[in-house]
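Everything below concerns the one structure shown next.
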Amino acid sequence: MSQAMDEFSQAVFHIVGSIPTGYTASYGQVAKLAGYPNHSRHVGKLMGRLPRGSKLPWYRVINSQAKISLPAGPAYERQKGLLLAEGVEFIGERVAKAHRWQP
DNA sequence: GTGTTGACATGCT
DNA sequence: AAGCATGCCAACA
Numbered sequence: 003m004s005q006a007m008d009e010f011s012q013a014v015f016h017i018v019g020s021i022p023t024g025y026t027a028s029y030g031q032v033a034k035l036a037g038y039p040n041h042s043r044h045v046g047k048l049m050g051r052l053p054r055g056s057k058l059p060w061y062r063v064i065n066s067q068a069k070i071s072l073p074a075g076p077a078y079e080r081q082k083g084l085l086l087a088e089g090v091e092f093i094g095e096r097v098a099k100a101h102r103w104q105p
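In structure tokens:
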């Protein structure tokens with residue numbers, strides 16, 4: 003039945019699941035690693051579609067500005083809290099460069 | 001089929 | 001540094 007998720011989503015999920023604890027990756031980075039260099043936007047859209055109990059560390063995915071997207075709100079604080087709990091350092095609203103995932 | 005939207009990226013000013 | 005403009009591609013009305 004279901005077409006098994008398109009290769010795109012599957013690749014993105016795989017990459018996101020490969021992000022080590024305490025590290026973060028940007029949408030463009032994930033998209034590129036997934037094999038789709040210019041699909042950064044779709045990564046974000048996919049994240050928004052993820053269910054609440056998703057096993058994927060979606061909270062480790064941020065934008066190229068090393069900042070959390072989401073227009074500030076409960077979700078924003080939630081992601082920030084999760085990252086902090088993983089040991090990620092925050093410089094203001096920005097994630098420390100040292101905590102950016104480097105494949 | 002066309003137009004708008006979207007958890008973005010990159011470049012220029 | 002920060003802000004504005006352009007590019008890119010799929011999903012949705």
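Quick note on numbering: the first sequence equals residues 3 to 105 in the numbering used here.
For glycine and all other residues, C-beta sits at the position ideal for the given N, C-alpha and C.
Please read all numbers here as calculations on a predicted model, not as lab measurements.
*In angstroms with no decimal places, state the Cα-to-Cα distance between Arg62 and Glu9.*
Taking the first sequence and counting its residues from 1, one reaches residue 62 at position 60. Taking the first sequence and counting its residues from 1, one reaches residue 9 at position 7. When rounded, the distance between both Cα atoms is 21 Å.
*asked:* Below 8 Å on the Cβ atoms is my contact criterion, and I expect Trp103 with Ala13 to pass it. Report the Cβ-Cβ distance as a whole number of Å.
replied: In the first sequence, residue 103 corresponds to position 101, counting from 1. In the first sequence, residue 13 corresponds to position 11, counting from 1. Here Trp103 is actually not in contact with Ala13; their C-beta atoms are around 16 Å apart, not less than 8 Å.
*asked:* Measuring CB atoms only, is the segment 87-97 touching the segment 36-54, in the sense that at least three cross pairs come out at less than 8 Å?
replied: Pairwise C-beta distances place the segment 87-97 out of contact with the segment 36-54, as fewer than three of them are shorter than 8 Å.
*For His101 and Tyr25, believed in contact at Cβ under 8 Å, the rounded distance*: Along the first sequence, read from residue 1 onward, the residue named residue 25 stands at position 23. Along the first sequence, read from residue 1 onward, the residue named residue 101 stands at position 99. About 6 Å separates the two Cβ atoms, so the contact holds.
*Under the three-state reduction of DSSP, which class applies to Lys57: helix, strand or coil?*
Position 55 of the first sequence holds residue 57. Secondary structure at Lys57: coil, using DSSP grouped into helix, strand and coil.
*Name the two residues that bound the continuous alpha helix (DSSP H) containing His44.*
Position 42 of the first sequence holds residue 44. Segment 42-51, the alpha helix (DSSP H) holding His44.
*Just mark Ile93 as buried or exposed, buried being the case when its beta carbon has 16 or more other beta carbons within 10 Å.*
The residue labelled residue 93 in the question sits at position 91 within the first sequence. That one is exposed.
*Taking C-beta to C-beta, are Ala68 and Arg96 nearer than 8 Å?*
Here residue 68 is taken as the residue at index 66 of the first sequence, counted from 1. Here residue 96 is taken as the residue at index 94 of the first sequence, counted from 1. Yes, the Cβ-Cβ distance between Ala68 and Arg96 is below 8 Å.
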